[in-house]
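Visitor: The structure follows.
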Amino acid sequence: VGAIDDFAALADITERHGLWLHLDGACGALGAILPELGGRYAGIERADSVSFDGHKWMGIPYECGCVLARDASRLKRTFGVTASYLHEQPDDALEAFDFYDRGPQMSRGWRAMKVWMSLRYYGAEGYRRFFRRTIDNARYLHELVAGHPDWEVVQPEPSLYIYSFRFRPAGVAEADLDDLNARL
């Protein structure tokens, strides 16, 4: 629904209990690049890891997910495997960094190219403009829905680009509304 959690409060809890803090920002983490939303993202820098999906808000073709981890060696300790057919590389050499031991997939396609090309073409400022426009569009949709008797607002005014509402025409029984909306 485009909610942004209280990251600072979550970080306080996880630090107090010695827990790993992962923030699943699949849809909205990239909003942190908007200065006007910066306060809502306070504490994101305290996370141990953050994920986001470029195929959601960035408009990059599916699939395009990313995990940023504060300590990449923990990924290697979690996902690293040893087998005779896998080559050993030193941990401390930059050239030795290999994604095969940083996640369950082991090998990967060249998905990063589409991210690099999009960032190169639009740049951070281009994405800021795009993000602002999508937020404005969601707020405009909210105004239209809130002002129409056949539509029901099911969340407060959107803070990001996601907005939830449903069709609720007069004369349709409550028990039939879910089926009606599923068919739409």
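Reading the sequence shown from the start, the letters are residues 5 to 188 in my numbering. Even for Gly, the Cβ is constructed at its ideal location relative to N, Cα and C. It should be emphasised that the depicted structure is a prediction, and the values quoted were computed from it without experimental measurement.
Does alanine 51 have its Cβ less than 8 Å from a Cβ in chain D?
Guide: Reference to chain D is not applicable here, since this structure consists of a single protein chain.
Visitor: Is the segment 5 to 25 in contact with the segment 110 to 129, if contact means three or more CB pairs nearer than 8 Å?
Guide: no
Visitor: With H, G and I counted as helix, E and B as strand and the rest as coil, what does DSSP make of leucine 72?
Guide: Taking the sequence shown and counting its residues from 1, the one referred to as residue 72 is at position 68. The answer is strand: DSSP assigns leucine 72 an E or B state.
Visitor: Quick one: what does DSSP say tryptophan 155 is sitting in, helix, strand or coil?
Guide: Translated into positions along the sequence shown, residue 155 becomes position 151. DSSP places tryptophan 155 in strand when its eight states are reduced to three.
Visitor: In three-state terms, what does DSSP make of serine 77?
Guide: Along the sequence shown, one-based indexing puts residue 77 at 73. Correct three-state label for serine 77: helix.
Visitor: When you compare each of Phe169, Ser163 and Arg137 to glycine 151 by their alpha carbons, which one comes out closest?
Guide: Taking the first residue of the sequence shown as 1, we reach residue 151 at position 147. When only C-alpha atoms are compared, the closest one is Phe169.
Visitor: Out of Thr18, Asp57, Leu14 and Ala15, state which residue places its alpha-carbon closest to the alpha-carbon of glycine 32.
Guide: The sequence position of residue 32 within the sequence shown is 28, counting from 1. Nearest of Thr18, Asp57, Leu14 and Ala15 to glycine 32, Cα basis: Asp57.
Visitor: Label isoleucine 17 either buried or exposed according to how many other C-beta atoms from any shown protein chain fall within 10 Å of its C-beta, with 16 as the threshold for buried.
Guide: Taking the first residue of the sequence shown as 1, we reach residue 17 at position 13. When all chains shown are included, isoleucine 17 counts as exposed.
Visitor: Within 10 angstroms of its Cβ, does proline 162 collect 16 or more other Cβ (buried), or is it exposed?
Guide: Position 158 of the sequence shown holds residue 162. Buried, since its Cβ has 16 or more Cβ neighbours within 10 Å.
Visitor: For aspartate 9, which residues in the same chain have their Cβ closer than 8 Å to its Cβ, ignoring the five residues on either side in sequence?
Guide: Taking the sequence shown and counting its residues from 1, the one referred to as residue 9 is at position 5. Cβ within range, chain order: Leu27.
Visitor: In chain order, what residues of the same chain have a beta carbon less than 8 Å from the beta carbon of leucine 188, not counting five sequence neighbours either side?
Guide: Numbered from 1 along the sequence shown, position 184 holds the residue referred to as residue 188. Only Phe171 meet the Cβ criterion.
Visitor: Taking only three categories from DSSP, how would you classify aspartate 122?
Guide: Taking the first residue of the sequence shown as 1, we reach residue 122 at position 118. Sequence check: residue 122 is serine here, not aspartate. Three-state result, serine 122: helix.
Visitor: Ends of the alpha helix (DSSP H) at arginine 172?
Guide: Translated into positions along the sequence shown, residue 172 becomes position 168. Where arginine 172 is concerned, there is no enclosing alpha helix (DSSP H), because DSSP gives it neither an H nor an E.
Visitor: Suppose you measure from the CA of cysteine 68 to the CA of glycine 175; what does that come to, to the nearest Å?
Guide: Taking the sequence shown and counting its residues from 1, one reaches residue 68 at position 64. Taking the sequence shown and counting its residues from 1, one reaches residue 175 at position 171. Going by the C-alpha atoms only, they are around 43 Å apart.
Visitor: Smallest Cα separation from tryptophan 120: which of Phe135, Cys70 and Glu40?
Guide: In the sequence shown, counting from the first residue as 1, residue 120 sits at position 116. Selected option, being the one with the closest Cα: Cys70.
Visitor: On the CB-based measure, 16 or more other CB atoms within 10 Å of its CB, does tyrosine 167 come out buried or exposed?
Guide: As a working note, residue 167 is residue 163 in the sequence shown. Looking at its Cβ environment, which holds 16 or more other Cβ atoms inside 10 Å, tyrosine 167 is buried.
Visitor: Just to confirm my understanding: we take tyrosine 66, look at its own chain, exclude 5 residues before and 5 after, and list those with CB closer than 6 Å. What are they?
Guide: Along the sequence shown, read from residue 1 onward, the residue named residue 66 stands at position 62. Cβ within range, chain order: His59.
Visitor: Roughly how many angstroms separate the alpha carbons of alanine 186 and proline 153, rounded to a whole number?
Guide: Here the question's residue 186 lines up with position 182 in the sequence shown. Here the question's residue 153 lines up with position 149 in the sequence shown. About 19 Å.
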